[in-house]
Amino acid sequence: MNLFPLLFNVYLSFTNADLSGGPVQLVGARNYTVLFSQAKYANALTTTALFVLLSVSIELVLGFVLALALRDRVPGKPVVLTLLLVPMMLCPVVLSLFWNLILNGHYGVLNQLLSTLHLPQPQWLTDDDLKLVSILLVDVWMWTPFMMLISLAGLNAIPKHIYEAAEIDRAGRFMVFRTITLPMCAPLLGLAVLLRATDALKQFDLVMAITGPNDATTQTLSARIYQVVFRDYKVGLGAAYGVVVLVAVIAVATIFVRYIDTLNRRTGKAQA
Amino acid sequence: MRLARALVIVPYLVLATLPLGWLALTSFKSYEDTISAHAKFVPGTEAGGARAEGSVKFTATVDAYRKLSQPVAGTTRDFYHYLGNSVLIGLLSTLAAVCLATLCAYGFSRFRIPGTKDWLFFVLSTRFLPPLAVVVPVLIMYRRFGLENTHLGLILLYTSFNLSLAVWLMKGFIDEIPRAFEEAALVDGYQRPAAFLRIIVPQAATGMAVTAVFCLISSWNEFGFAMTLNNYEAKTVPVYFAGLQGNIDGVPWPQIAAGMMIFVAPIVLFTVLVRKHLLRGVTFGTIKQ
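Residue numbers (our numbering), protein chains in the order written: chain A, 68 to 339; chain B, -16 to 272.
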C-alpha cells in the first residue's frame, strides 16, 4: 500500500499516460526534459522554497518568544495554552476558507478594522504582491502554537541549577540567554524546524482554499501537480513532478531521522 | 519583566482567538449581515432589520444551523450527508490504524527485528510524503479496482497513512510498560497472544486512546487525497466546503460558518482532552513528557 504507488509513480513518470485513459507508451526521459525547461516549474520551486523559509522562520521566532513569555507561572496558564493550541488541531482547508471572509477586500473584517484605525486597506486576496502574504498569515496563525509547544518543552527541560550557578557567577540576563537558554533549547528547536519544514513543503490546502491551484504568485509544487494532472490531464508529467518532490522530501526526512538518532544518543548519554 | 510578558501574551492571545470568535459570530448572522460593509460585532435579540446603516449590532438567529439540513443552491445533498461521510471514514480508518499499529508497535518494542531502525524509518517516510506527489499512482490503481469515489477507498488510504504516526506513538507508549509484567504472565503459563491481550492492551489503553484521537484528527482534516480521489460520492466535509467557493447564489457564509462550527467542535473537545499528550502527538512520540 505504501511502496507500490512510489514505484508505480517512477514508472509513470517515464510514460505519456493521461487522465482520460488513452494507450500508455514509454517516452523515456521526455517528461523530465519538459519539466526542467518549464518556467512554471522553476516558479513553483521558488514559491515553495520562499514559503517554507518564511513561514518556518516567522513561526519559530514568534513561537519561541511566546514560549519564553509562558515558561514561568502565568495566571490561567493551562487555559491560555489550550486556547493557543486549538488552531493547529483544526482543519487547515476549512479554516482558510473562513479566512477568505476575514481577508475579503470589500466586506472583510480585517480591512474594516484597519479603516477604523485609519490605516491603508490592501486587497489581500487579489493583489499579486499580497496573495502569498495572506497564505503566510494564515499559516503563521495556524502553526506558531506548534513551535511554541516544542519550545516550551525545551525550556522546561533546562535544569534550574544551571541558572542558579549562572546567578552566582553574576552572569547578565543576555549572557544567560545566549549561553544557556538558547544552546540548551537548540536541539528541540531543530526538531521543530525539521517537522514544520517537511509539512510546509507539502503546502497545498491553504493555496487551494485561498487562491486556487493556478495562481502564478502562489503556486506551490503540490498545487502545480494538481494543475498538471487534474486540469491539464498530463499524468506522466505530473508523476515526474511527483518524483522530484519525493526526492526533496526524502532528503529532508533522512536528515530528520539522523537528527532524532543523535538527539536520543545525546540525551541517553546525559542520563547515564 | 511581568509587563513585557503580558505584552507578548495578551495581544497574541487576542489575535489568535479572534478568527475563531468571528467564526462563531458569523454562524449566528443573516446572509446580509455577513457581507455588510460595516462589520457587526454585537449580537442582539430584537427582531426586524431596521437598524442604522453603520450599526455594529446584528440580530442573532439560528437560521443558519436550521438551514444545514437543506442542500445549498446548486448542490443536491445537505451538510449532514457529508458530515456522515467524514464520521464514517474517520472512525473506521482510525479503528483499523490503531489495531494494526498496536500489534506492529508491540513487535518492534519487544522483539529483536533485524533492521528495526530502517523499518521504522520506512514506516515514517509515508507520513512525510506530500499527498499530491503520490496521488497519481493511487488514482490509477483505484480506478483499476473500482475504489475511486468510494468510502472504502479513503478508509484504506487513511489507514495506511495514519499507520506511520500510530506505530511511532504506540511504540513510545508500549516501551514504557515494564517487560516484567508480561514476563510474569509468560512464566505463569500464558501464551504470547494471551499475554499481549490481557497484560499489554489494558496497560496501553490510554496510549491507544491518545493515538486514536490523533489519527481521527488527521483523517478528519485531510484534504489533498479526499479532494482528488473522492470528488463525487463519499465527499468529506472539507471537500464539500471547498466546493461551495464559487456558488452561483453567492457563498452562503452563515451556513458555512454554522457547518464549520459543528465540524470543528469535536476537534476542539479532543484537543482539550489530549492536551497533556499534544507534544507527543505532534512530534511522532519523539518527545515524551
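Built from N, CA and C at the ideal position, the CB exists for glycine as well.
Original post:
Using a Cβ cut-off of 9 Å, which residues of the segment 103 to 120 of chain B contact any Cβ in chain A, in chain order?
Top reply: Leu103, Phe104, Phe105, Val106, Leu107, Ser108, Thr109, Arg110, Phe111, Leu112, Pro113, Pro114, Leu115, Ala116, Val117, Val118, Val119 and Pro120
**OP:** Would you verify that the beta carbon of Pro159 (chain A) is, or is not, closer than 8 Å to some beta carbon of chain B?
**Re:** yes
Original post:
Does the segment 43 to 60 of chain B come within contact of the segment 233 to 247 of chain B, defined as at least 3 CB pairs closer than 8 Å?
Top reply: yes
**OP:** Just the C-alpha distance for Pro142 (chain A) and Leu313 (chain A), rounded to the nearest angstrom, thanks.
**Re:** 46 Å
**OP:** Starting from Pro154 (chain A), find everything on chain B with Cβ-Cβ shorter than 7 Å and list it in chain order.
**Re:** Ala(-1)
Original post:
Helix, strand or coil for Pro161 (chain B) per DSSP?
Top reply: coil
Original post:
Can you tell which of B:Phe104, B:Thr211 and B:Gly207 has the C-alpha that lies nearest to the C-alpha of Ser147 (chain B)?
Top reply: B:Phe104
Original post:
At a Cβ cut of 9 Å, what residues of the segment 305 to 326 of chain A count as close to chain B, listed as they run along the chain?
Top reply: Gly305, Ala306, Tyr308, Gly309, Val310, Val311, Val312, Leu313, Val316, Ile317, Val319, Ala320, Thr321, Phe323 and Val324
Original post:
So what does DSSP say about Val25 (chain B), is it helix, strand or coil?
Top reply: strand
Original post:
Does DSSP put Thr254 (chain B) in a helix, in a strand, or in coil?
Top reply: helix
**OP:** Confirm, please, whether the CB-CB distance from Leu129 (chain A) to Pro254 (chain A) is below 8 Å.
**Re:** no
**OP:** List the whole-angstrom C-beta distance separating Ser76 (chain B) from Tyr(-5) (chain B), where the pair is believed to meet the contact cut-off of C-beta under 8 Å.
**Re:** At roughly 35 Å, the Cβ-Cβ gap does not stay under 8 Å, so Ser76 (chain B) and Tyr(-5) (chain B) are not in contact.
Original post:
Is there a Cβ from chain B that is less than 8 Å from the Cβ of Leu276 (chain A)?
Top reply: The amino acid at residue 276 (chain A) is misidentified as Leu; the sequence shows Ala. For Ala276 (chain A), the answer is yes, since a Cβ of chain B falls inside 8 Å of its Cβ.
Original post:
Taking the alpha-carbon positions, what's the Leu181 (chain A) to His21 (chain B) distance?
Top reply: 12 Å
**OP:** Name, please, each residue of chain B whose Cβ falls closer than 8 Å to the Cβ of Val176 (chain A).
**Re:** Trp5 and Ala22
Original post:
Is it true that the segment 232 to 243 of chain A meets the segment 149 to 165 of chain A, where meeting means three or more beta-carbon pairs spaced less than 8 Å apart?
Top reply: no
Original post:
So with Cβ pairs under 8 Å, would you call Ile(-8) (chain B) a contact of chain A?
Top reply: yes
**OP:** Could you please tell me which residues of the segment 135 to 151 of chain A, in chain order, have their CB closer than 9 Å to any CB of chain B?
**Re:** Leu135, Ala136, Leu137, Asp139, Val141, Pro145, Val147, Leu148, Thr149, Leu150 and Leu151
Original post:
At a CB-CB cut-off below 8 Å, which residues of chain A make contact with Phe156 (chain B)?
Top reply: Going along chain A, no residue has its Cβ under 8 Å from Phe156 (chain B), so there is no contact; the nearest lies around 17 Å.
Original post:
What is the DSSP secondary structure of Thr133 (chain B), counted as helix, strand or coil?
Top reply: coil
**OP:** Let me know if Met242 (chain A) comes out buried or exposed under the rule of 16 or more other beta-carbons within 10 Å of its beta-carbon.
**Re:** exposed
**OP:** Drop a sphere of 10 angstroms on the beta-carbon of Gln338 (chain A), count the other beta-carbons inside from all chains shown, and report buried for 16 or more, exposed for fewer.
**Re:** Residue placement at Gln338 (chain A) cannot be trusted, given a pLDDT of 44 that sits under 50; what the coordinates show is reported in the next sentence. Exposed, since its Cβ has fewer than 16 Cβ neighbours within 10 Å.
Original post:
If the cut is a Cβ gap below 9 Å, which residues of chain B does His173 (chain A) touch?
Top reply: Ile18 and Ala20
**OP:** Pull out every residue of the segment 125 to 151 of chain B whose Cβ sits closer than 9 Å to any Cβ of chain A, in chain order.
**Re:** Arg126, Leu139, Leu140, Thr142, Ser143, Phe144, Leu146 and Ser147
**OP:** Would you check whether the ligand GTP has a heavy atom nearer than 7 Å to the C-beta of Val184 (chain B)?
**Re:** Looking for the ligand GTP in the displayed structure turns up nothing, as the structure carries no ligands at all.
**OP:** Return helix, strand or coil for Lys278 (chain B), following the three-state DSSP convention.
**Re:** Limits of chain B in this structure are -16 at one end and 272 at the other, which puts residue 278 (chain B) out of reach.
Original post:
So, is the C-beta of Ala339 (chain A) closer than 8 Å to a C-beta in chain B?
Top reply: Low confidence applies to Ala339 (chain A): its pLDDT is 38, below 50, so where it sits in the model is not reliable enough to give any reading.
Original post:
In terms of residues, what are the limits of the alpha helix (DSSP H) holding Phe241 (chain A)?
Top reply: Arg240 to Val243
Original post:
Would you call the CB atoms of Leu137 (chain B) and Leu212 (chain B) closer than 8 Å?
Top reply: yes
Original post:
Got a sec? Which residues, its chain only, sit under 7 Å from Thr82 (chain A) by beta carbon, not counting five neighbours each side?
Top reply: Val91, Gln92, Leu93, Val94 and Gly303
Original post:
Hey, Ile125 (chain A) and Val205 (chain A): beta-carbon distance below 8 Å or not?
Top reply: no
Subject >> Proximity to Leu74 (chain A) [Cα-Cα], best of A:Val324, A:Ile327 and A:Gly309 >> reply: A:Gly309
Subject >> Inter-residue Cα distance where the pair is Tyr89 (chain B) and Trp151 (chain B) >> reply: 11 Å
**OP:** Compare the Cα-Cα distances from Tyr99 (chain A) to each of A:Ala306, A:Leu192, A:Leu86 and A:Gly221 and report the closest residue.
**Re:** A:Ala306
Original post:
If you draw a straight line from the alpha carbon of Val251 (chain B) to that of Ala84 (chain A), how long is it in whole angstroms?
Top reply: 43 Å
Original post:
Any contact of the segment 167 to 175 of chain A with the segment 191 to 202 of chain A, i.e. 3+ C-beta pairs under 8 Å?
Top reply: yes
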